[in-house]
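The next block holds one structure in the form of structure tokens; read it before the comments.
Residue numbers (my numbering): 8 to 360.
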């Protein structure tokens with residue numbers, strides 16, 4: 008095994024993939040829609056069929072099909088050499104992924120919850136993120152750490168944290184967070200093909216959300232934001248599950264004559280600054296939205312960059328809407344108050360007008 012430096016090229020020994028059983032087929036409805044979970048699964052299957060070096064492992068991903076059944080049927084198709092279970096040790100999982108990536112594989116490591124990525128923070132931050140630079144660019148570390156965020160599901164303080172801002176602070180690591188099924192498939196494929204370590208965040212609130220997803224090959228480049236809804240009066244910048252709520256808030260504001268441009272950033276690292284700057288220069292107002300704890304969130308960095316680069320175009324202070332500064336509650340009523348709401352987004356928008 009070896010690592011090539013062109014991620015779109017699969018060396019001949021590894022592009023002749025065979026399977027033990029027929030691969031699982033993701034079924035679409037009459038409108039061509041599948042859910043977010045199946046979109047990621049289809050992307051994984053396509054990449055595993057394309058490249059023998061892609062392997063999937065984590066806690067219960069094989070026989071059980073993963074905590075959220077995303078990998079169901081993949082063990083039977085690809086065999087235990089490419090889809091296998093691990094001990095309950097996130098440090099072990101990510102450490103193995105680093106070693107495999109450095110010796111030629113393209114591993115996809117699954118962590119049940121993003122909260123548990125803290126157990127593997129040394130492997131991600133001090134190993135995966137650093138080896139390319141510490142070896143004078145002679146070593147690539149093409150790995151993906153898939154982890155889900157359970158906020159909004161009543162899972163409590165240890166299973167509900169949105170920690171993507173923490174990993175965005177680590178140079179050498181990409182952070183991706185798709186907000187819909189179409190993006191989920193295209194972005195997991197891009198994540199697997201990049202030669203950088205990628206923290207790939209999946210919102211559990213999104214797993215059953217459906218959308219039209221092409222069966223044909225497509226990738227979504229990292230660092231290219233998506234303007235979900237055009238507008239001229241105000242800019243919302245958001246990602247993950249917050250995008251759907253931001254669109255709802257924009258719809259209610261439109262009924263009052265305020266046209267909000269909603270930007271889904273897709274990836275925190277690399278970040279599409281120019282799309283955000285262009286929108287803010289047009290609208291003159293901006294609100295940052297995420298499910299991260301508001302204090303210390305990456306939204307604060309976006310505010311800083313917007314103020315520094317668009318100061319002369321701003322007509323109001325740049326505001327943030329995020330989760331409250333506390334521990335995620337388990338009770339549904341309390342968690343609803345803890346997470347950012349559509350009403351809070353509308354209030355922030357009106358405060359800038």
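A virtual CB, placed ideally from N, CA and C, is assigned to each residue, including glycine.
| Asked | Found |
| --- | --- |
| Rounded to whole angstroms, what's the CA-CA distance from residue 23 to residue 251? Just pull it up for me. | 40 Å |
| Looking at the secondary structure, which residues open and close the alpha helix (DSSP H) in which residue 290 lies? | 280–290 |
| So, does the segment 174–181 touch the segment 271–279, judging by three or more C-beta pairs under 8 Å? | yes |
| Under 8 Å, do residue 356 and residue 260 count as touching if we go by C-beta distance? | yes |
| Looking at the structure shown, is residue 116 part of a helix, part of a strand, or coil, going by DSSP? | strand |
| The alpha helix (DSSP H) that contains residue 368, what's its start and end? | This structure cannot settle anything about residue 368, because the visible part of the chain is limited to 8 through 360. |
| Could you spell out where the beta strand (DSSP E) holding residue 271 opens and where it closes? | 267–271 |
| Do you know offhand how far residue 33's Cα is from residue 49's? | 7 Å |
| Helix, strand or coil: which one does DSSP assign to residue 330? | strand |
| How is residue 38 classed by DSSP in three states: helix, strand or coil? | coil |
| Here's the rule: buried if 16 or more other CB atoms are within 10 angstroms of the residue's CB, otherwise exposed. What is residue 311? | exposed |
| Give a yes or no on whether the C-beta atoms belonging to residue 212 and residue 137 are separated by under 8 Å. | no |
| Residues in its own chain within less than 6 Å of residue 368 by CB, not counting five upstream and five downstream? | No answer is possible for residue 368: it lies beyond the span of the chain, which begins at 8 and ends at 360. |
| Tell me, please, which residues DSSP counts as bridged to residue 233. | 271 |
| Check for me: the alpha helix (DSSP H) holding residue 345 runs from which residue to which? | 339–345 |
| Let me check understanding here. Comparing Cα to Cα, which of 70, 75, 74 and 142 lies closest to residue 82? | 70 |
| Between residue 348 and residue 145, what straight-line distance do the alpha-carbon atoms span, to the nearest angstrom? | 47 Å |
| Between which two residues does the beta strand (DSSP E) holding residue 157 run? | First-last for residue 157: undefined, no H or E at that position. |
| For the beta strand (DSSP E) holding residue 294, just list the boundary residues, first then last. | 293–300 |
| Tell me which residue opens and which closes the beta strand (DSSP E) that residue 263 is part of. | Segment: none, residue 263 is in no beta strand (DSSP E) and carries neither H nor E. |
| From this set, 177, 28 and 58, which residue's C-alpha is nearest residue 19's C-alpha? | 58 |
| Going by DSSP, what residues sit across from residue 63 in a beta bridge? | 90 and 115 |
| With which residues is residue 323 paired in a DSSP beta bridge? | DSSP, once it has assigned bridges, lists no residue as partnering residue 323. |
| For residue 346 and residue 330, which I take to be in contact (beta-carbon distance under 8 Å), what is that distance rounded to the nearest angstrom? | 5 Å |
| Just to confirm before moving on: does the CB-CB distance between residue 328 and residue 296 stay below 8 Å? | yes |
| Would you check if there are 3 or more beta carbon pairs closer than 8 Å linking the segment 197–216 to the segment 145–157? | yes |
| Determine the extent of the beta strand (DSSP E) in which residue 181 is found, giving its start and end residues. | 181–183 |
| Closest to residue 5 by C-alpha separation, out of 29, 43 and 31, would be which residue? | With the chain represented from 8 up to 360, any question about residue 5 goes unanswered, as that position is not in the structure. |
| Check whether the segment 316–326 touches the segment 280–292, taking contact to mean three or more Cβ pairs, one atom from each stretch, closer than 8 Å. | yes |
| Out of 263, 116, 77 and 106, state which residue places its alpha-carbon closest to the alpha-carbon of residue 94. | 116 |
| In whole angstroms, what is the alpha-carbon distance linking residue 140 and residue 147? | 9 Å |
| Applying the 10 Å Cβ sphere with the 16-neighbour rule, what's the burial state of residue 78? | buried |
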